[in-house]
Every structure is written in C-alpha cells, then in structure tokens.
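Numbering (the numbering used here), first residue to last: 168 to 275.
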C-alpha cells in the first residue's frame, strides 16, 4: 500500500509542477506567437519545398518518352562502355564529390 501511495504522490507533484510551469510561462499574446511561428516556419521550409517540387517536375519531364528518346543517345555517348573507361571516368570525376561549392552553409 505504501508503494502505491508514493507513486500517486509522485504523479500529483509532477502534475502540479506542470500546471505551475504552464501558468508562469504562458505568453501574453499566444495567438500572435503561434501565427508568427507559423509564418517563420513556412519561410524556412519554402526553399526546400520549391526545390523538391522542381526536382519532381524535372524528373517527370525527363522520364517522358519524347524527352527520353532525345536524351538517351547523348547519354550513351558520354557513359563508359568498358571497365577501363569506367575506372578512368569515375577516377577523373571523383574530386567533384569532395568539392561542395562556394554556397555551402554546412561547414568546411
């Protein structure tokens, strides 16, 4: 019986602490804070959403049969056909994987 009462007392103290915390930290204008957070969130995500939509549009247009018929001969001339050309092709292009560009914002 003592263990059960002590667990109940722990939950009562935690609930009371949560209520006191909510009452002490309640903002003066909660609707204004919520709406400004929504606007800032949309502004932060808009670039990534636009990029994803643009990639989807590009992918669907490139996969169409008309575009695929035009682009496939060009790609076949560039891609290597033998194992030696494959190794040379990706050995020459491998430094491009390290270079991340001047607009990189995620560190060195």
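For every residue, glycine included, the Cβ atom is placed at its ideal position computed from N, Cα and C.
Helix, strand or coil: which one does DSSP assign to residue i?
| i | result |
| --- | --- |
| residue 249 | coil |
| residue 262 | helix |
| residue 180 | helix |
| residue 174 | helix |
| residue 228 | helix |
| residue 240 | helix |
Alpha carbon to alpha carbon, how far is residue j from residue i? Give it in angstroms, no decimals.
| i | j | result |
| --- | --- | --- |
| residue 257 | residue 208 | 40 Å |
| residue 198 | residue 234 | 50 Å |
| residue 225 | residue 255 | 29 Å |
| residue 262 | residue 212 | 31 Å |
| residue 249 | residue 240 | 17 Å |
| residue 220 | residue 227 | 11 Å |
Suppose the cutoff is 8 Å on Cβ atoms and the five residues either side in sequence are ignored; what does the same chain contact list for residue i look like?
| i | result |
| --- | --- |
| residue 124 | Because the chain in this structure spans residues 168 to 275, residue 124 falls outside the shown range and cannot be described. |
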